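What follows is a single structure, written as C-alpha cells, with notes after it.
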Amino acid sequence: MICPMCNSKLKKGKIKEEYLGHDLGIFDGFTCTKCGETLLTEESVKKAQQKAKELGILGLAEKTTISKSGNSLMVRIKKNVAEYLGLTEGEKVIIHPEGKKKLVVEVI
Ligand SMILES: [Zn+2]
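In terms of my numbering, the sequence shown opens at residue 9 and continues consecutively.
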C-alpha cells in the first residue's frame, strides 16, 4: 500500500486511535514510513466507529456556519453537542482563540 499524503510506503502496524480527546483503543492499520500518516484497515474503522458510538461521541464533530447578530458573529451549537457538554441556555462559557485556526469554548 502507498501513503495517500506523500506516496511513500506504508508499514503494517498497530495504531492508537483518538477521537475528540477520547481514547478509542489500538487498531490494525498502516503507518507511513516517511510522513507518519496513519490509516486504519476497513475493519478497524468499523471497530473505532463502534467504540465512538458506545462513548456517545460519534457525530459530535460537524461543520457549522457562522451567523450574524448585530455586530457580533454567532456559532450555533447543535443539540447533541450541547447535551454531551451539559450546556444549557444562559450558561457562562469562556471563549478564546487557540492560534489562528481554532476557537475554543470552555465550559466553566
Ligand atoms: Zn506519507
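Cβ atoms here follow ideal geometry from the backbone N, Cα and C, with glycine treated the same way.
Computed from a predicted model, the values in this text were never measured in an experiment.
Residue i Cβ short of 8 Å to ligand 1 heavy atom set
i, result
"M13", "yes"
"G37", "no"
"G44", "yes"
Rounded distance between the beta-carbons of residue j and residue i, thought under 8 Å
i, j, result
"L68", "Y92", "6 Å"
"V113", "V101", "5 Å"
Proximity of residue i and residue j at Cβ, strictly below 9 Å
i, j, result
"E118", "I34", "Outside the shown range of the chain, which is 9 to 116, sits residue 118, and nothing can be said about it."
"A60", "L48", "no"
"K17", "C40", "yes"
"K19", "F38", "yes"
Opposing strand residues paired with residue i [DSSP bridges]
i, result
"S80", "S77"
Bounding residues of the alpha helix (DSSP H) (the contiguous stretch that carries residue i)
i, result
"E62", "E50 to E62"
"E91", "K87 to L93"
Range covered by the beta strand (DSSP E) that runs through residue i
i, result
"E97", "Note, E97: premise wrong, no beta strand (DSSP E); not H, not E."
"C34", "The residue asked about is misnamed: residue 34 is Ile in this sequence, not Cys. Looking at the DSSP string, the run of the beta strand (DSSP E) that includes I34 is H30 to C40."
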